[in-house]
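Q: Each residue of the sequence shown is one higher than the last, beginning at 652 in the working numbering. Note that CB positions come from ideal geometry on N, CA and C, so glycine has one too. Below you will find the structure I want to go over with you.
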Amino acid sequence: MKRNIPLLLFLCILFQLNAQSQTANITGVVFDDATKENIELASIRILNAKDSTYVTGGVTASDGKFNVGVKQGNYIAHISFLGYVDQYFTVNTRNKTALGNIYLKEDGITLREAVVTAQAIEVKVMGDTVEYNADSYKVQESAVVEDLVKKLPGAEVDSDGKITVNGKEIKKILVDGKEFFSSDPKVASKNLPAQMVDKLQVLDRKSDMALMTGFDDGDEETVINLTIKKGMKEGLYGSGTAGAGSEDRYGLSGIVNYMRNESQFTLLGGINNTNNEGFTDNVGNSFRGTRGGGGMNFGGRYGLSKSTSGGFNFALNPSDKLKWGGNVRYGETNNDVQQSTFTQTYITDTITGLRKDQYEDRWNMGVNKSDNFSGDFRFEWSPDAVTKIIFSPNFQYGKNTNIQKSNYFTSLVNPTDTVNWGNSETYSEGTSKNLSGRLDISRELGKKGRVLSFSLSGGYNDLESDGANWSQTKYKVASGDSIGLRDQIYNLKNDGYNWRAYVSYVEPIGNNNFLQLTYSYRKSHTENDRNTFKNDGLGNYTEVDASATKKLENDFTNQEIRANFKAVREKYDYTIGLALQPSKMESVTSTPKETKPTSNNVFNYAPIAQFNYRWSRQKNLRINYDGSTSQPSATQLSDIRDESDPLNITTGNPNLKPSFSNRFRVRFQNFNPQQGSMMGLFGNLNFTLNDIVTKTIVSENGAKENTYDNINGNWNAFLRMMINKPLSNRKFSINSGTGGSYQQSNGYTNGAKNAASTFNISENLGIRYRSDFGAYSNQKMANNIDLSLRGNFGYNNTVNSLESLKEMNLNTFDYGGSFETTLQLYFGLTFSTDIRYTTNSGYANGYKLNEWLWNASISQQLFKAKNGTLKFSVNDILKQREKIVSQPNVSSRSYVQSTYNTLPSYFMVSFSYRFQSFKGGAKQSDMDGGEGGGWRRGPGGPGGRGPGGPMM
C-alpha cells in the first residue's frame, strides 16, 4: 500500500492540472462609448454557442471590469446595460478569453420606453459611501426627503426631525455635492421633494482642511448627499401644497428650484400648525439653561407647535476657479407645552445605609416663542492648480420669549411624608446675536504631496435677556414648617469671543509616506453677568438679591503642537500621531459679597491612530482611535455658592482634575453586487479617566446641594450590525438592524458612591415587497405596490452596586411592529397607510404603553400632465395617541419619566401642484420613475450606472 501512495499523489496532481486546463476566465472592461467612462454593474451573460442556453454570468465591478469563469468550450458573451445597445461576442476559450475594451452605445428607444420588472439594488457600498436607491422606496407624490429617509434601512428620524443613520447623527445635507442650508439639515429633509432624488448617499465627510492636507483633523461629520435625477438638472422645478383639516389644522408650503450649468437656486417657505417645524430653533436652544422654571422641554416633539419658515439657497460656479454659494433663512415657532414629570431620586442615609428615596411630582405648562434669522456663505477660489482658498462667514440673529408655570409636590416613601410643595411662575425675553467666519488657505510646494496650509477662524456671540421669577415653596421639617418666597426680576448678559490660528506642513517621505507637523493657538473670552433684584414689599424691584447675582469672567488659552505620520498602500493606509497641548485658564467670579479669582494651568496630550483596509471598493474596514483631555469649566471650578434656585444650590470644586477620554471606533462594510446585498458593522468603545460628575446631597427640606467631583471607571460600548438583502427575484428584500450596548456609570447617590451597569440589546427586522402588476401589453402603464412589515424588540437591564438600591434594578422590555403600504394605480390613484404598535413592560406604574397608531391617505393625480394631486389624509385614526411618554432616564442617581401633550387625531384635505421646465423637454415621468409610476431599472441598479460619489 505504501508503494502506491506516490502513484496516487501523482494521479491526483495530474487530475488537478487537467481540471485546471479545462477551465478559463472570460474577461473584459465595459465603457460608455460617448463619455469613455467605466460602466459599473453592467450585465454579463455567458450563453452556450450551440443553443444560446444560459451558462453563467455576473456584473462589472466599479472600474468596469469583469471576470467570469467557465469550462473550456465555445460560448456567446452577452453584454448589456439599460439604455445601451447590447453587444454579443463569440468566444472560443481555447483561442481567446480576453475581450478587451467594450464600448456600449446609448439606445434612445430603450431610454424612453423600456419598462422592466427587475428591481434596482436598494443599498450598496462605494468606498466610504453607503448609497440608497431612492426609487426603491415608494413614497407619496407630495412626500419630502424626510419621508424617504424614514424608509431607509438603518435610518431613524426622531420627533424633533433629527436624522441618524446607523447610530450617527446627520450634520448636513448636500444637493449634488453642494451644501444646502448647510448648518441646518432639517431645512432640506422637511422641504425638498422626495421625487427629485435619484440617489441618497451617506458618507463621513472630512473637513476642508483635512481634504487640503490629506490628514484627518478630527472635524469629520456624517452627511447625506442627494443626487438629483438626471432629467431635472437643467431647468426649473416648483411645487406648492395647501391643506386644511379638522381640529383647525392647516398647512401651506412651496418650493421653487432652478438648476443650470452646475448652478443651483432654491426658494422655499411654509406655515403650519401640525408640529412640522421646517427648521431648527437654534435661538430657542441658546436660551436653554438661562431661564428659571421647572426644567421644561420645548421643541417639535413636545406639545403643540405653530411654525413659519422661509429661505433662499444658491450655489454658483462662474468658472473652474471660483465657486461660491450660501443661504439666508427665517423661522418662527410658537410651542405650547403641558408636561407632567415623575422623579424618583435615590437617597441612601450616609449613617444608617438605609433607603429614604425622594419622590417629586411636577406639573408644568409653558409657551415658547422664537424668531430665527441666519445666513451661511461659502467662497472657494483656486487661482492656480496648486492653490486653494476657502472663506466661510456665518451670522445668526434671534428673539425668544418664554413663559412657564409649575406646581410641584415632593415627598418620601409615603405621600403623607411631605417634604416640600409649592408653585412657580417665570417669564423671560431676550435677543441673541452670533457672528463667525473661517479662512482656509492651502498650497502645494513643488514636490507632489508637499503642502503648506493656514487657517484663521473666529467668532463673537452676544445674548441678553430680561426676566422675572416668582415662586412660593412650603417646607416641612422636624423643626417646623417654613415658607420660602422668591419674587425677583433679573437682567442676564452672556457674551464672548474666540479666535484660532492654525498652520500645517506636510512632507512626503519615500514612497507614499507623509509626515505632518501642525501648530495651533486658540484664545477665548466669555462673560456671564446676571443682576437680580427682589421685591422690597412695596412692589419695587430695587434691592439687589445677593443670592442670585453673579458675574463670571473667563479667559482660556490653548496651544497645540502635533506630529502625524501617514502611510498609504494599495490595499490599506494608516495614520499615527501625538499632540501636546499646554493650556491656561483664568477666571474671576464676583458676587455682592465676595470676588474670587481662579486659575488652572494644564499640560495635556492627545494621541490618534487610524487604519483603513480595502479589499475592494465594495468591501472595507476602518478602525480609529483618538484621545483627548477636557478641562473643567469655570462654573465647575468656582467654589462660590450659587443660590439662584433655592431647590437646587450649586457650589464648584476648585480641586477638579481634567478628564481624559479614550475613543475607539470600528466600521466594516461589504456590498455584494451580484446579489445586491449589503452588510455593515459599526461599533465604538469609550472610557474616561477622571470623569467629572455631579455629586448631590439632599437636605431635610428636599433641597439639593450640588457640587462636582472626579471619578474613574466610567465607560461604554456600542455595536450595531445592519443587513439588507434582496431575495432571488428582487421583489422581496429583508433588512435587519441588530444592536447591543453596555454602560458602566459611576456616580454618587446622596454622597454615597454607586455604580450603575446598564445592558441593552435590540433587534429591528423587516421585510419589503415591491412589484408591478396588471401591466398593459405596451408596458407603459402598470400598477405597483410597496409593502413593508417590521418588528422591533428591546431589552434593558440596569444593576446598581449599592445594596440599598438593589430593589431599583431594572428589567424593561420594549416591543413594537409596523406595517406600511403604498399602492399606486396606473390612472394616478395612490393609497398609503401605516400602522404602528408600541408596548412595554417593567416601567413604573402609569407609564405602560399599549398604543396603536394608524395613519392613512388616498390621493389622485389630476390634469393631463399629472402635475396636480388631491389628497385626503387622516392622522391617528384610532385616537390612541393622546400623549407622548418619554422613556425613563435611568442613572445612578435618579429615575425620571415624563408625559407631554401632543397633536390630537385629525384629518386633512390638501392640494399639491407641480410645475417644471427642463432642458430637452424632460417630463413629469422623469420624476416619477416611469410612465404610470412603474419602476424602471434605473441608474445604480443591475444594468444601471452608479454615480461616482458626491462632488467635494
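Using the C-alpha atoms, what's the distance from N676 back to I697?
A: 11 angstroms
Q: Could you check which residue in I1385, K1144 and M1236 has the C-alpha nearest to that of K1174?
A: M1236
Q: Is it buried or exposed for Y1427, if we count other Cβ within 10 angstroms and need 16 for buried?
A: In this prediction, Y1427 has a pLDDT of 48, which is less than 50 and means its spatial position is unreliable; what the coordinates show is noted afterwards. It counts as exposed.
Q: Can you grab the Cα-Cα spacing for the pair P969 / V1344, in whole Å?
A: 53 angstroms
Q: Quick check on DSSP: helix, strand or coil for L1438?
A: strand
Q: From D1293 to F1060, what distance separates their C-alpha atoms?
A: 23 angstroms
Q: Look at the alpha carbon of K1522 and the alpha carbon of F1562, and state the distance between them as a whole number of angstroms.
A: 6 angstroms
Q: For S1350, which three-state DSSP category applies?
A: coil
Q: What residues are listed by DSSP as bridge partners for Q1232?
A: Per DSSP, N1255.
Q: Between G1390 and the rest of its own chain, which residues show a CB-CB distance below 6 angstroms, the 5 nearest in sequence each way excluded?
A: R1371 and S1413
Q: Residue ranges of each beta strand (DSSP E) run of no fewer than 3 residues wholly in the stretch 790-857, ordered along the chain?
A: 806-808, 814-816, 823-826 and 848-856
Q: Give the single residue among E1211, S1279, S897 and V816 whose Cα lies nearest to the Cα of N876.
A: V816
Q: When you compare the CB of D1360 with every CB in chain D, is at least one pair closer than 8 angstroms?
A: Considering every chain present, this structure includes no chain D. It has just one protein chain.
Q: Which one of T1038, N926 and S914 has the shortest CA to CA distance from E1095?
A: T1038
Q: In the DSSP assignment, what are the bridge partners of E983?
A: T959 and D1022
Q: Excluding the five sequence neighbours on either side, which residues of its own chain have a C-beta within less than 6 angstroms of the C-beta of T925, listed in chain order?
A: R900 and G902
Q: On the three-pair Cβ rule with 8 angstroms, is the stretch 1284-1301 touching the stretch 1196-1204?
A: yes
Q: How is S1116 classed by DSSP in three states: helix, strand or coil?
A: strand
Q: How about A749 and V796: are their beta carbons less than 8 angstroms apart?
A: no
Q: In whole angstroms, give me the CA-to-CA distance for N743 and V681.
A: 20 angstroms
Q: For T780 versus K822, is the C-beta spacing smaller than 8 angstroms?
A: no
Q: Just how far apart, CA to CA, sit Q1511 and I1418?
A: 28 angstroms
Q: Going by C-alpha to C-alpha distance, which of T741, N1299, A728 and G1493 sits closest to E1458?
A: G1493
Q: Excluding five sequence neighbours on each side, which residues of the same chain lie with their C-beta closer than 6 angstroms to the C-beta of K789?
A: For K789, the CB contacts under 6 angstroms within the same chain, skipping 5 residues up- and downstream, are D1437 and T1473 in chain order.
Q: Looking at the strands, I want to know which residues DSSP matches up with F1383.
A: Y1420
Q: Please classify E609: does DSSP put it in a helix, a strand, or coil?
A: Since the displayed the chain opens at 652 and closes at 1603, residue 609 lies outside it and no answer follows.
Q: Rounding to the nearest angstrom, what Cα-Cα distance links R1029 and L1504 in this structure?
A: 43 angstroms
Q: For F1046, which option in S1396, S833, A895 and P1324 has the closest C-alpha, if you only look at C-alpha atoms?
A: S833
Q: Counting beta carbon pairs with one atom in the stretch 1134-1143 and one in the stretch 1082-1096, are three or more of them shorter than 8 angstroms?
A: No, the stretch 1082-1096 is not in contact with the stretch 1134-1143.
Q: Could you check whether the stretch 962-980 touches the stretch 907-918, counting it as contact only if at least three pairs of C-beta atoms, one from each stretch, sit closer than 8 angstroms?
A: yes
Q: Quick check: the stretch 1010-1027 against the stretch 1048-1062, are there 3 or more CB pairs under 8 angstroms?
A: yes
Q: Any contact between the stretch 1234-1251 and the stretch 1264-1273? By contact I mean 3 or more CB pairs, one from each, below 8 angstroms.
A: no
Q: Is it right to say V1128 is buried, meaning 16 or more other beta carbons lie within 10 angstroms of its own, or is it exposed?
A: exposed
Q: Give the secondary structure of D899 by DSSP, where H, G and I count as helix, E and B as strand, and everything else as coil.
A: The answer is helix: DSSP assigns D899 an H, G or I state.
Q: Look up K687 in the DSSP assignment and say whether it is helix, strand or coil.
A: coil
Q: Among all the DSSP beta bridges, which residues are the ones paired with E634?
A: The shown model of the chain, from 652 to 1603, leaves out residue 634, and the question about it has no answer.
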